[in-house]
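This report refers to the structure that appears directly beneath it.
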Amino acid sequence: GEGEAGEIEAATEAEASKVLFSMDGRRLFKFGLFEFSLAVFAVLGGLAQYAETFISIELWDLDLWRGLAEEQGAKISGLGPAIQVISALAGLIVLLFIGSATGLVRTFLRDWSFILEKTARGFRRRRGLFTRTDVVMPQHRVQAVKIGTGLVRNRFGWKSLSFVSLAQDSGSSNHVVAPFAQDEEITPIIKAAGFEPPAEALDWHRTSKKYRLDRILATCAIFVLPIIVLTIYAPLFIILIPWALMIASILGNLYAWKFRRHALDNGQVISTRGFFAPKTQIASRVKLHSVELSRGPIAYRRCYATLHLGLAGGGFSIPGVEIERARELRQAILASIAERDFSQLT
């Protein structure tokens, strides 16, 4: 009967599905520790606006808070140095505890029972504790993949993987399919989506050295006015602060240049940037809609350009590419696009 047919269909679909990634409670706890958040203070600040109607204190009165700060400052000054240090450490510990607890709560609520499956219909992602979401993404609509990480979590090898899709039904073009995973867990998902992880054997190209110099000069220009003002009015040790920040910015740009790279393989465009928190974007060449070279007045005279790739559901730009290299990329990508009928891809 119809009931038996439905059971057979459900069983067949269950057999056809393959779990690509999931997170248990232990993994969620680790993830939550890295999701440090002080959003609770923003919520309290919003509630404080409504509290003024019930209490006789003007919470945004600067004189009130200035008086409290002076009073508490006088009390702290009366304490010994050891007590002051202990109080500061205690305040920092409380702040870290609140931020970590907030991150844990948000992570458990959002990603509870997270599971990603490969089914006959495409990729299926389910997650959530109170609000359970169930998203299905057909494989042919996955336009690109993004690999990201954070400053701290990268030291421990944790990364996130997102799909960029057409997303006509979901309202969002970026779908996180592995929010907290290791490389060996991310690689099979990338391959299941029809992409290949970036390899060091590819012909990698860095951004133009002229583009690097222009970025450094633009950064230095930000510090010029503060340095002039502080040189006139501030003591010597204050003047050294913007100088130190400017030098650190210059060194950071010089070092970061080594990790701003791009490459082409047989079917993909790959772009990477960042050392402390590297980010990688991989797009299928045949699924790109357009290729545009953008050059401002400075870039025109300095012979480099920004390559804008037309990606459905997201953006993909490679800045600071030498003009000859940019033209080569455009020609190669357009040739790949012309090989396929776009209507067959969407």
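Using the numbering used here, the first residue of the sequence shown is number 1346, and each one after it goes up by one. Note that CB positions come from ideal geometry on N, CA and C, so glycine has one too.
Asked: C-beta contact flag for residue 1379 and residue 1530 at 8 Å; Found: no
Asked: DSSP beta-bridge partners of residue 1613; Found: 1629
Asked: Inter-residue Cα distance where the pair is residue 1589 and residue 1449; Found: 36 Å
Asked: Status (buried if at least 16 other CB within 10 Å, exposed otherwise) for residue 1470; Found: buried
Asked: Beta-carbon proximity list for residue 1604, same chain, < 7 Å, skipping 5 on both sides; Found: 1617, 1618, 1619, 1620, 1623
Asked: Member of 1672, 1508, 1602, 1373 whose CA lies at the smallest distance from the CA of residue 1556; Found: 1602
Asked: N- and C-terminal bounds of the alpha helix (DSSP H) containing residue 1497; Found: Per DSSP, residue 1497 belongs to no alpha helix (DSSP H) and is neither H nor E.
Asked: Among 1680, 1629, 1480, nearest to residue 1657 - alpha-carbon criterion; Found: 1629
Asked: Local conformation of residue 1488 per DSSP, three classes; Found: strand
Asked: Neighbourhood of residue 1377 by C-beta distance below 6 Å, restricted to the same chain and skipping five residues each side; Found: 1448, 1449, 1452
Asked: Host beta strand (DSSP E) of residue 1478 (start-end); Found: 1478 to 1482
Asked: As assigned by DSSP and simplified to three states, the class of residue 1467; Found: strand
Asked: Beta-bridge pairing of residue 1552 - partner residues as DSSP gives them; Found: In the DSSP output, where bridge partners are listed per residue, residue 1552 has none listed.
Asked: Pick from 1638, 1684, 1627 that is closest to residue 1487, judged by C-alpha positions; Found: 1627
Asked: Rounded straight-line distance, which links the Cα of residue 1524 to that of residue 1353; Found: Because residue 1353 carries a pLDDT of 43, less than 50, the predicted location of this residue cannot be relied on, and the following value inherits that uncertainty. Each residue's Cα considered, the two are about 33 Å apart.
Asked: Pair within 8 Å by beta-carbon distance, residue 1460 and residue 1614; Found: no
Asked: Own chain partners of residue 1647 with C-beta closer than 8 Å, once the 5 adjacent residues on each side are dropped; Found: 1553, 1555, 1556, 1559
Asked: Alpha-carbon to alpha-carbon, residue 1480 and residue 1520; Found: 9 Å
Asked: Residue 1528 classed as buried or exposed, judged by whether at least 16 other C-beta atoms fall within 10 angstroms; Found: exposed
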